[in-house]
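J.:
Protein chains in written order, with my numbering: chain A, 9 to 362; chain B, 9 to 362; chain C, 9 to 362; chain D, 9 to 362.
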């Protein structure tokens, strides 16, 4: 059972391999009558696309989305929105270094073990290129969710940690630098560090933080489909993610209940927000905030030892144009997945009470 | 859409409130012909049940499971396994302190906001009592999965951190102490600390680690249903969980790709295992390991300020018999959810290739 | 993937074998705040239960439903409604004639082929006893759907056909006779005929018709989940059903488009209703009507030839207390399934437009 | 919840409106390693396409399928198969007669009621053009299912009924005439009749029968997802279908159990097959056969009275190129849906027993 679908009511199914003719998807369940801003959707793709700055992969992919259905006279019709992003340069590359050997910490060998066979060009289905389809759907979800505000940003690169609470940050500055860190000073350090890592042909991990404001109360379903459980799954489904925490997170473990409990003000809001906007799996109207840990990209521009299909040791020279650090381009992906989660829960909440 | 179901093929639906007549569930999709060890199932419930030691809640609940269907002549029949755990002392308690006011950092207010109404007795549906049903189903999943070994244990209580790698631990010692920490010395410190916290009427958080051995290759589905994404969701769906990380986790962020990549040995295993047994969302046969962060329990045996339904400030005296630290009893729940995840993926993997 | 669940939002999962300790189910997704009439639910079970008249099986089963959860202070809470019907006389019977041989046109052999094994007592999971759980859930769905009126009745037994259009019938008379045919004269003939068939130890087929009034517009989902497609599936999932038609049905095949098209009146209703209240898979507010064909019950009180597990020819003497004709007791089951279909589509329609 | 998905494991989601840029779909769950015959897939589309004979619509649509993903080096990879059929002449037509008024017995008004809005060009999403996507996926399912043989044919047009049992027919002749009736004499009569109906600008209904041979035992899931229940739903989801029966069907109602029961031969096959190859919802290895009733097409080339959005009576002149009888082109669609049903159940049956 193939796992290419996200959501239950606001539902996205994606298709496509890195170097096939196209990637794309079908978004089902978006209510009829939503006026779509198509430029804003393309704008989200621009935030994700390769080649946008000196610290991301220098591949050239225009990533232009084509819509096939579900939109008429500028509005959603309630029928499925089919779309594709054509791959413009999928031909003629040399994949011999990938075809016959397994790259360490990639999905090459696990795909072969599972399917007996794989499309080895550029990682095939396991390529992060698939996330472009999520960004398209997430951009539609954002428009459906307005005035909910979803703002992700880079809060850590390697050991460079920007630990200011989000309330002290001006998140409108996130897009002002190529790292997408809203603290300009730290952004500069991070950018310089990523440049150094790239020169070595190496890669480095990072953390994306995300804040969601104006969340309606009541989103999230007990018991298994708690709002933070779905957020966690959605984030962990993004390539290279190794961890997720929300609200007080792992640090909250060290607190006592008497410190950690969020007392109510008389207006029903809470005085603190260690809960991260979610109590019992259901949004309480406070800000939702969470962190997502990304490992260092596995593709290196270095020579490495590995094995081929027959188990022979081989030495391979890594090549191509790859991201030295994935988090700057991951920011719009995190936002897109958060939007898909919230849009789905908003629809799921419709019939909660008479 | 109510979220009371876990899994797609090996599927559990649960029902029940803390203080209704019974909790229970239906497990669908367990293959026919599995000889069930019913004592082992009840044994898992004993590991979760209240009153088992001095550092957990002193409530008395026998938690005896009754099976209604799906088992014949000692074996599963392929039809749904219905079961219930009757609540033996659900009557006659005094809930006036919960009924009219909202306990901080509980689900009281979010349930009221969502449903306009709630069963306030003992937390109702939001009570962790629901996890007993998961333990029943998880125990069946464990038997289905044999010889896969799922071993959880407590690795942190408050700021007491046992940071030995799991390979250096004797996990057979986990059950030898009430904390369920396999390091006897640290277990002693943790136990003493939990006793102190309890005396204050306070609570403290903790971390449960989990190791899974003998995992078949190929489990997990690209793209959205990666093995670690489902593990994350399953863990985050457990009451009080605030974070999840697997393999190198949040610490892996600080590593370079050249350090983090797991090189292959010629037999196809990997020399290191920062990937945590999962690559591209699919198990590679190495040990899976992950950590789950639990916040301090919100129920205190202290007086606290809060509001009632009308928004009036009220002072409430916390009472009852509650866990000062949830992680010792959470160990079998983490194992149960891990078993449900793996059992589902094992069935989902059946038709992956011709 | 086991198929014990009906519905996507208003969702029923059932469990239980004919002669296990209990049958029952979990109903998920019923909105919170619905005041339940528990007597009315039990009343629907009485319409289905054995022993209610001389022309149905004479088994004695009280079929009393016990609710475990999801109801508090007389109202639904939005959490799953768990329930069971305990089997009171499941012990001590003699199944040797079923255990070792395959009854013709039963599920005995197909269950053995599929599962390698079966609970042979009284048909196990394939017994129509399972439908009692559907009647419980359907009775709740009816209360949720009010003022929608779902009225089924017997329109054919063997070759005795009552072909009056439903508009000419007084459906309040359906319950006035044991056949559940609203035409008293035909009811008398049918009853006499069923008594004759029973004396022979034989069985006979029948047709249940159903009319649904006060249906909201807009129920049903294009493309695959058309309202009539789900009604058809729901009816065909009832034991012994061989056919389904709605609106003009099979007879409509012989009509020309110019006759068959339902012209609009100026108030938006239609002058005729060959469409059966559904156009393009979506309800249009006109009456929905359909027919369901039931084969003769396979269990005979006669001697018959068959084979055992090893393929040896054996002669078996049919015994027990069985229905000579299934349709009188099928009437509340057809209504229950129709109610489940409509309740689910009502919830599914909530987010259709902004 | 939008209903554009068919299947649970072998799963098709479709998109597209009649006159948008493209229709298409994503097929998920087809096992890896299946060598695909792309010509055979296109061949099925040719059987469905407009303009293929004098008795179907004379529209010109090449209906060429383009595959985007999931196929590599001629074989399925286990990842989703995305595809599209571009609409070549979607522009420039005059829809004013549809835009402002509601065609009788179409989905125009129900779509407007449900979504508040519709893509009125050529029926939009409710157009039978959508079934081309089903034919693509069904053609892949057929290749996956080999050597299962699915053969549909026309058995009735209006009151012209070919009532020979399928065993007496040479189904290889089905494609030898434009009606797709395997009895040449009856085919001639049907063709002449359809020509007459067309001359009147009218339409007529019909029946498609289907026979499936070489079915593996064990397909179908108790309780709700019986094989025939899913076949029924799949057929009823095809545009214009009003009824479904399998095995003895509606006629079986008049039989006694002693006649209707299918006795076993010693080899485990049955001597008769009133069960239609399915017992207890599970295939028993005998031939599956069923009938599907299609109403007369609602689109007439005649003048008709109807209403506009404001409820004013209007007279409209029907125009365009439409099918006078839908069943000849429905034959490949019935086969495609049957293939999707069986492929899904084959995968669902994988983990039925240990």
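By construction, the Cβ of each residue, glycine as well, lies at the ideal position given by its N, Cα and C atoms.
Note that this is a predicted model, so its numbers are computed, not measured.
#1: Distance check for residue 57(C) and residue 125(C), CA to CA, integer angstroms please.
#2: Nearest to residue 141(D) by alpha carbon, out of 176(D), 91(D), 190(D), 106(D)?
#3: For residue 284(D) versus residue 255(D), is the C-beta spacing smaller than 7 Å?
#4: For residue 85(D), decide whether its Cβ has a neighbour in chain A, counting only Cβ atoms nearer than 7 Å.
#5: Do residue 189(A) and residue 298(A) come within 7 Å of each other at the CB atom, strictly closer than that value?
#6: Apply the 10 Å Cβ neighbour rule to residue 207(B) and answer buried if 16 or more other Cβ atoms are within range, or exposed otherwise.
#7: Using a C-beta to C-beta distance shorter than 7 Å, which residues of chain C count as neighbours of residue 127(B)?
#8: In the structure shown, what three-state DSSP assignment does residue 215(A) receive?
#9: Drop a sphere of 10 angstroms on the beta-carbon of residue 287(B), count the other beta-carbons inside from all chains shown, and report buried for 16 or more, exposed for fewer.
#10: Who does residue 165(D) pair with in a DSSP beta bridge?
#11: Distance, Cα to Cα, residue 260(C) vs residue 215(D)?
#12: Run down chain D in chain order and give the residues with a C-beta less than 7 Å from the C-beta of residue 25(A).
#13: Taking only three categories from DSSP, how would you classify residue 118(B)?
#14: In terms of residues, what are the limits of the beta strand (DSSP E) holding residue 21(D)?
#15: Using CA coordinates, which residue listed in 32(A), 37(A), 29(A) is at the minimum distance from residue 17(A)?
#16: Have a look at residue 278(A) and residue 315(A) and give me their C-alpha separation to the nearest angstrom.
#17: Could you check the C-alpha separation between residue 138(D) and residue 110(C) for me, to the nearest Å?
#18: Compare the C-beta of residue 138(C) against all C-beta atoms of chain B and say whether one is closer than 7 Å.
#19: Is it right to say residue 222(B) is buried, meaning 16 or more other beta carbons lie within 10 angstroms of its own, or is it exposed?
#20: For residue 127(C), is the classification buried or exposed, using 16 other Cβ atoms within 10 angstroms of its Cβ as the cut-off for buried?
#21: In whole angstroms, what separates the C-alpha of residue 118(D) from that of residue 40(C)?
#22: Please report how far the alpha carbon of residue 319(A) lies from the alpha carbon of residue 266(B), in whole angstroms.
#23: What does DSSP give as the partner residue(s) for residue 221(C) in the beta ladder?
#24: Secondary structure at residue 363(A), three-state DSSP: helix, strand or coil?
#25: The segment 101–120 of chain D: which residues have C-beta closer than 7 Å to a C-beta of chain C, in chain order?
#26: What does a CB cutoff of less than 7 Å around residue 168(D) pick up in its chain, not counting 5 residues either side in sequence?
#27: Could you tell me the distance, in whole angstroms, from the CA atom of residue 324(D) to the CA atom of residue 309(D)?
#28: Does DSSP put residue 110(A) in a helix, in a strand, or in coil?
#29: Quick check on residue 311(B): does DSSP put it in helix, strand or coil?
#30: Quick test of your reading: residue 69(A) and residue 301(B), contact by CB under 8 Å. State the CB separation rounded to the nearest angstrom.
#31: According to DSSP, simplified to helix, strand and coil, what is residue 42(C)?
#32: Quick one: which chain A residues come within Cβ less than 7 Å of residue 253(B)?
#33: Could you tell me if the beta carbon of residue 260(C) falls within a distance shorter than 6 Å of some heavy atom in the ligand PLP?
#34: Using 10 angstroms around the beta-carbon of residue 250(B), count the other beta-carbons present and answer buried if the total reaches 16, otherwise exposed.
#35: So for residue 174(C), helix, strand or coil by DSSP?
T.: This is what the structure holds:
#1: Position 117 of the third chain holds residue 125(C). Position 49 of the third chain holds residue 57(C). Cα to Cα, residue 125(C) sits roughly 29 Å from residue 57(C).
#2: Numbered from 1 along the fourth chain, position 133 holds the residue referred to as residue 141(D). Taking only the C-alpha atoms, the option nearest residue 141(D) is 91(D).
#3: Here the question's residue 284(D) lines up with position 276 in the fourth chain. Here the question's residue 255(D) lines up with position 247 in the fourth chain. Result yes, Cβ atoms of residue 284(D) and residue 255(D) sit closer than 7 Å.
#4: Here the question's residue 85(D) lines up with position 77 in the fourth chain. Judged by the 7 Å Cβ criterion, residue 85(D) is in contact with chain A.
#5: As a working mapping, residue 298(A) is identified with position 290 in the first chain. As a working mapping, residue 189(A) is identified with position 181 in the first chain. Not a contact, by the Cβ cut-off of 7 Å.
#6: To locate residue 207(B), count along the second chain from 1; it is residue 199. Exposed.
#7: Numbered from 1 along the second chain, position 119 holds the residue referred to as residue 127(B). Those are 80, 85, listed as they occur along chain C.
#8: Taking the first residue of the first chain as 1, we reach residue 215(A) at position 207. Strand at residue 215(A).
#9: Residue mapping note: residue 287(B) aligns to position 279 of the second chain, counting from 1. It is buried - the Cβ of residue 287(B) has at least 16 other Cβ atoms within 10 Å.
#10: Taking the fourth chain and counting its residues from 1, one reaches residue 165(D) at position 157. Residue 165(D) is bridged to 168(D), 214(D).
#11: Here residue 260(C) refers to the residue found at position 252 of the third chain. Here residue 215(D) refers to the residue found at position 207 of the fourth chain. Within the model, the alpha-carbon separation for residue 260(C) versus residue 215(D) is close to 10 Å.
#12: Along the first chain, read from residue 1 onward, the residue named residue 25(A) stands at position 17. Correct list: 77, 87.
#13: Against the second chain, residue 118(B) aligns to sequence position 110. Helix, per DSSP.
#14: Counting from 1 along the fourth chain, the entry for residue 21(D) is found at position 13. Per DSSP, residue 21(D) belongs to the beta strand (DSSP E) from 19–23.
#15: Here residue 17(A) refers to the residue found at position 9 of the first chain. For residue 17(A), the nearest C-alpha among the options comes from 37(A).
#16: As a working note, residue 278(A) is residue 270 in the first chain. As a working note, residue 315(A) is residue 307 in the first chain. C-alpha separation (whole angstroms): 56 Å.
#17: Numbered from its first residue, the fourth chain carries residue 138(D) at position 130. Numbered from its first residue, the third chain carries residue 110(C) at position 102. One C-alpha to the other measures close to 44 Å.
#18: Translated into positions along the third chain, residue 138(C) becomes position 130. Chain B, which has no Cβ nearer than 7 Å to the Cβ of residue 138(C), makes this no.
#19: Within the second chain, residue 222(B) is the residue found at index 214, counting from 1. So residue 222(B) ends up on the exposed side.
#20: Mapped onto the third chain, residue 127(C) falls at position 119. By the neighbour-count rule (16 or more Cβ atoms within 10 Å), residue 127(C) is buried.
#21: Position 110 of the fourth chain, counted from the start, is the residue given in the question as residue 118(D). Position 32 of the third chain, counted from the start, is the residue given in the question as residue 40(C). Roughly 29 Å separates the two Cα atoms.
#22: Numbered from 1 along the first chain, position 311 holds the residue referred to as residue 319(A). Numbered from 1 along the second chain, position 258 holds the residue referred to as residue 266(B). Rounded to the nearest angstrom, the two C-alpha atoms are 21 Å apart.
#23: Within the third chain, numbered from 1, the residue matching residue 221(C) stands at position 213. According to DSSP, which records beta bridges pairwise, residue 221(C) is partnered with 157(C).
#24: There is simply no residue 363(A) to check, as chain A begins at 9 and stops at 362 in what is shown.
#25: 110, 112, 113, 114, 115, 117, 118, 119
#26: Here residue 168(D) corresponds to residue number 160 of the fourth chain, with the count starting at 1. The residues are 194, 197, 198, 201.
#27: To locate residue 324(D), count along the fourth chain from 1; it is residue 316. To locate residue 309(D), count along the fourth chain from 1; it is residue 301. Approximately 10 Å between the Cα atoms of the pair.
#28: On the first chain, residue 110(A) is found 102 positions in, with the first residue counted as 1. Three-state DSSP puts residue 110(A) in a strand.
#29: Walking along the second chain from the start, residue 311(B) turns up at place 303. Correct three-state label for residue 311(B): strand.
#30: What you label residue 69(A) is simply residue 61 of the first chain in a count that begins at 1. What you label residue 301(B) is simply residue 293 of the second chain in a count that begins at 1. With a Cβ gap of about 38 Å, residue 69(A) and residue 301(B) do not count as contacting.
#31: On the third chain, position 34 is the one that residue 42(C) refers to. Of the three classes helix, strand and coil, the one that applies to residue 42(C) here is coil, per DSSP.
#32: Mapped onto the second chain, residue 253(B) falls at position 245. Per Cβ cutoff of 7 Å: 250, 251, 301.
#33: As for the ligand PLP, it is missing from this structure, which has no ligand bound.
#34: The residue labelled residue 250(B) in the question sits at position 242 within the second chain. Residue 250(B) should be labelled buried.
#35: If you number the third chain from 1, residue 174(C) lands on position 166. Taken through DSSP and simplified to helix, strand or coil, residue 174(C) comes out as helix.
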